[in-house]
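Peer 1: Structure incoming, see below.
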Amino acid sequence: MADRELAISVRDLGKRYRIGGSQAYYKTFREAVTNVGTSVVRRLNAGGQAPVADYIWALKGVSFDVERGDVLGVIGRNGAGKSTLLKILSRITEPTEGRAEIYGRVGSLLEVGTGFHPELSGLENIYLSGAILGMRKAEIEAKMDDIVRFSEADRFLETPLKHYSSGMQMRLAFSVAAHLDPEILLIDEVLAVGDIAFQQKCLGKMGQISKEGRTILFISHNMDAVLSLCNKGLLIENGRAKSIGGIRDIVNEYLKVNTGLLGEVRLADEPQKGYDDLKFRAIRIRDARGKVTPIIDMNEDYVVEIEYEITKPVRSAQVAFELFNSVGVCVFCSTDMDNEPENLRSIKQPGTYRARCSLSSSYLRPGAYTIDLSSSIPGVKMLNLFHNAISFEVTGLNIENKLSQGRRGIITPIFRWETQKI
Numbered sequence: 015m016a017d018r019e020l021a022i023s024v025r026d027l028g029k030r031y032r033i034g035g036s037q038a039y040y041k042t043f044r045e046a047v048t049n050v051g052t053s054v055v056r057r058l059n060a061g062g063q064a065p066v067a068d069y070i071w072a073l074k075g076v077s078f079d080v081e082r083g084d085v086l087g088v089i090g091r092n093g094a095g096k097s098t099l100l101k102i103l104s105r106i107t108e109p110t111e112g113r114a115e116i117y118g119r120v121g122s123l124l125e126v127g128t129g130f131h132p133e134l135s136g137l138e139n140i141y142l143s144g145a146i147l148g149m150r151k152a153e154i155e156a157k158m159d160d161i162v163r164f165s166e167a168d169r170f171l172e173t174p175l176k177h178y179s180s181g182m183q184m185r186l187a188f189s190v191a192a193h194l195d196p197e198i199l200l201i202d203e204v205l206a207v208g209d210i211a212f213q214q215k216c217l218g219k220m221g222q223i224s225k226e227g228r229t230i231l232f233i234s235h236n237m238d239a240v241l242s243l244c245n246k247g248l249l250i251e252n253g254r255a256k257s258i259g260g261i262r263d264i265v266n267e268y269l270k271v272n273t274g275l276l277g278e279v280r281l282a283d284e285p286q287k288g289y290d291d292l293k294f295r296a297i298r299i300r301d302a303r304g305k306v307t308p309i310i311d312m313n314e315d316y317v318v319e320i321e322y323e324i325t326k327p328v329r330s331a332q333v334a335f336e337l338f339n340s341v342g343v344c345v346f347c348s349t350d351m352d353n354e355p356e357n358l359r360s361i362k363q364p365g366t367y368r369a370r371c372s373l374s375s376s377y378l379r380p381g382a383y384t385i386d387l388s389s390s391i392p393g394v395k396m397l398n399l400f401h402n403a404i405s406f407e408v409t410g411l412n413i414e415n416k417l418s419q420g421r422r423g424i425i426t427p428i429f430r431w432e433t434q435k436i
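Residue numbers (this note's numbering): 15 to 436.
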């Protein structure tokens with residue numbers, strides 16, 4: 015790969031921090047004198063050994079490339095090293111080892127207030143940010159109206175930044191970073207601050223920037239936002255780059271490790287409540303292409319596949335499942351007798367069965383869902399019950415489809431309407 019095709023090249027990057035063993039700072043003479051006595055006691059108890067500083071590697075041996083025009087989602091658990099990586103790429107902190115080469119002008123949005131001066135006004139901070147990027151005053155002023163309009167901060171431009179709320183600071187910081195034409199944009203958890211409407215506005219702007227061929231590195235714990243925006247992913251685990259690849263594969267890997275979402279759960283060896291007449295063996299979620307996955311695109315259909323075993327002849331055995339959202343509300347229930355009423359009187363002979371229920375995820379809001387399985391002879395007895403049999407995630411991959419955003423209700427169906435003048 016030629017260097018001209020790269021936006022970022024990282025090789026064997028490492029960052030080590032020192033923890034403990036630092037010299038104390040004393041505000042008063044009394045505190046200093048008091049510490050002399052306590053220090054002597056501590057040294058005696060420790061056999062005369064001086065305090066030893068410990069070190070921790072926030073990043074170690076990280077290597078990856080980002081091509082120009084890529085939108086890379088950097089994901090991982092809290093403390094994995096994601097923010098440290100972006101601080102190094104933003105030149106806020108220096109690496110302990112390795113190198114990071116940046117090909118292009120960088121704009122960054124990290125913690126609230128980073129890169130801004132609290133004593134300066136909002137307007138002065140806009141000029142300061144542009145100057146840091148190497149822009150001339152005329153270039154900054156050409157972008158001023160767009161920055162102010164997007165941030166909705168026109169009433170507060172002459173106010174010192176220290177009087178802004180954290181949400182207002184983030185609005186202005188994002189607007190500055192996005193509108194001053196950086197070739198590479200580094201964004202750390204922009205969706206963690208601010209209201210829902212502004213979060214959606216930020217996602218839309220980042221989508222626009224990516225279509226212009228600029229490069230984005232985006233940190234977020236919101237997998238829906240990551241899948242909506244990014245085409246590639248980097249999974250950071252314990253300070254190391256565990257995987258890099260297509261965003262859907264990387265998110266799948268992250269969810270499997272950190273949330274238990276597997277797309278398929280074997281139930282045969284799990285304890286099941288009820289009779290042995292019918293025992294569940296497995297449950298799977300398949301996408302529109304038939305692939306077993308814990309992530310479903312809300313614009314596609316999907317299948318809930320259930321395998322079960324019948325140990326002796328059973329009349330009118332019904333298999334059903336209930337779908338629950340992330341706050342435990344039952345969204346709907348479905349049973350194999352919904353469109354197979356002949357099962358009501360039929361006798362199922364011993365053997366292994368596979369039931370498939372085809373569904374449309376377009377009714378579901380993005381988020382996490384769980385399924386409870388049950389089997390019964392309606393009006394007679396419950397055969398088996400399995401709580402939290404499987405979990406999966408519904409994501410909205412098309413960030414421009416805003417038809418159902420902001421609506422109330424636990425589902426978001428898009429119905430057919432026809433209007434004519436009468």
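Using N, Cα and C, we set each Cβ at its ideal position, and we do this for glycine too.
Taking the alpha-carbon of Ala21 as reference, which of Val85, Ile428, Glu267 and Glu407 has the nearest alpha-carbon?
Peer 2: Comparing Cα positions, the closest option is Val85.
Peer 1: State the CB to CB distance for the pair Gly247 and Ile264, rounded to an integer number of angstroms; the pair is presumed to be in contact (CB under 8 angstroms).
Peer 2: Yes, Gly247 and Ile264 are in contact; Cβ-Cβ is about 3 angstroms, under 8 angstroms.
Peer 1: Residue ranges of each beta strand (DSSP E) run of no fewer than 3 residues wholly in the stretch 331-385, ordered along the chain?
Peer 2: Here the runs fully enclosed are 332-338, 344-349 and 365-374.
Peer 1: Count the other CB atoms, across all protein chains shown, that sit within 10 Å of the CB of Asp290; report buried if there are 16 or more and exposed otherwise.
Peer 2: So Asp290 ends up on the exposed side.
Peer 1: Could you tell me the alpha carbon to alpha carbon distance between Thr409 and Lys219, rounded to whole angstroms?
Peer 2: Using only the alpha carbons, I get a separation of about 19 angstroms.
Peer 1: My output table needs one value for Ala167: the three-state DSSP class, helix, strand or coil.
Peer 2: Coil at Ala167, not helix or strand.
Peer 1: Over what stretch of residues does the alpha helix (DSSP H) that includes Asp291 continue unbroken?
Peer 2: Taken as a continuous stretch (DSSP letters only), Asp291 belongs to no alpha helix (DSSP H), as it is neither H nor E.
Peer 1: Using CA atoms only, rank isn't needed, just tell me which of Lys435, Asn139, Thr229 and Pro327 is closest to Thr173.
Peer 2: The shortest Cα separation from Thr173 among Lys435, Asn139, Thr229 and Pro327 belongs to Asn139.
Peer 1: Does Lys96 come out as helix, strand or coil in the three-state DSSP assignment?
Peer 2: It is helical.
Peer 1: Return the CA-CA distance between Glu19 and Gly118, expressed in angstroms with no decimal places.
Peer 2: In a straight line, the C-alpha of Glu19 is about 11 angstroms away from that of Gly118.
Peer 1: For Ser23 and Tyr141, what's the separation of their Cα atoms in angstroms?
Peer 2: Roughly 30 angstroms between the two C-alpha positions.
Peer 1: I think Ile230 touches Leu199, with their Cβ atoms under 8 angstroms apart; what is that distance to the nearest whole Å?
Peer 2: At roughly 5 angstroms, the Cβ-Cβ gap stays under 8 angstroms, so Ile230 and Leu199 are in contact.
Peer 1: Please name the residue or residues paired with Gly229 in a DSSP beta bridge.
Peer 2: Position check: residue 229 holds Thr in this sequence, whereas Gly was assumed. Thr229 is bridged to Ile198.
Peer 1: From Gly87, Glu314 and Asp68, pick the residue whose C-alpha is nearest to that of Asn266; which is it?
Peer 2: Per the Cα distances, Gly87.
Peer 1: Measuring alpha carbon to alpha carbon, tell me which of Ile309, Ile424, Lys435 and Ala239 ends up nearest Cys344.
Peer 2: The residue with the shortest Cα to Cα distance from Cys344 is Ile424.
Peer 1: Using 8 angstroms for Cβ pairs, my map puts Leu276 next to Ile297. What's the rounded Cβ distance?
Peer 2: No, Leu276 and Ile297 are not in contact; Cβ-Cβ is about 10 angstroms, not under 8 angstroms.
Peer 1: Would DSSP call His401 helix, strand or coil?
Peer 2: Strand at His401.
Peer 1: DSSP three-state call for Ala114: helix, strand or coil?
Peer 2: Of the three classes helix, strand and coil, the one that applies to Ala114 here is strand, per DSSP.
Peer 1: Answer with buried or exposed for Ser360, where buried requires no fewer than 16 other C-beta atoms within 10 angstroms of its C-beta.
Peer 2: Exposed, because fewer than 16 other Cβ atoms sit within 10 Å of the Cβ of Ser360.
Peer 1: Just the Cα atoms here: how many angstroms apart are Ile324 and Gly365?
Peer 2: Taking the straight line from one Cα to the other gives about 5 angstroms.
Peer 1: Take every Cβ of the stretch 380-389, pair it with every Cβ of the stretch 337-351, and state whether three or more of those distances are shorter than 8 angstroms.
Peer 2: A contact exists between the stretch 380-389 and the stretch 337-351.
Peer 1: How would you call Thr433, buried or exposed, if buried means at least 16 neighbouring beta carbons within 10 angstroms?
Peer 2: Answer is exposed; the Cβ neighbour count stays below 16.
Peer 1: CB-CB under 6 angstroms to Val328, same chain, minus the five flanking residues each way: which ones, in chain order?
Peer 2: Same-chain partners within the cutoff: Asp291 and Lys362.
Peer 1: Assuming Ala334 contacts Thr349 (C-beta within less than 8 angstroms), just tell me the rounded distance between them.
Peer 2: Yes, they are in contact, since the Cβ atoms of Ala334 and Thr349 sit about 4 angstroms apart, within 8 angstroms.
Peer 1: What separation, rounded to the nearest whole angstrom, lies between the Cα atoms of Ser374 and Arg262?
Peer 2: Straight-line Cα distance between these residues: approximately 20 angstroms.
Peer 1: Near Thr110, which residues of its chain fall below 7 angstroms by C-beta distance, leaving aside the five closest residues on each side in sequence?
Peer 2: Result list for Thr110: Gly28, Lys29 and Arg30, in chain order.
Peer 1: Using C-beta distances below 8 angstroms, list every residue in its chain close to Val240, excluding the 5 sequence neighbours before and after it, in chain order.
Peer 2: Answer for Val240: Gly87, Ile89, Phe232, Ser234, Gly247, Ile261 and Val265, listed in chain order.
Peer 1: Do you know how far the Cα of Leu358 is from the Cα of Ile258?
Peer 2: Looking at the two C-alpha atoms, the distance is approximately 50 angstroms.
Peer 1: In angstroms, rounded to a whole number, what distance separates the CA positions of Ile116 and Asp238?
Peer 2: Straight-line Cα distance between these residues: approximately 28 angstroms.
Peer 1: Between the Cα of Leu137 and those of Ile102, Leu175 and Leu100, spot the shortest distance and give me the residue it belongs to.
Peer 2: Checked all of Ile102, Leu175 and Leu100; the closest Cα to Leu137 is Leu175.
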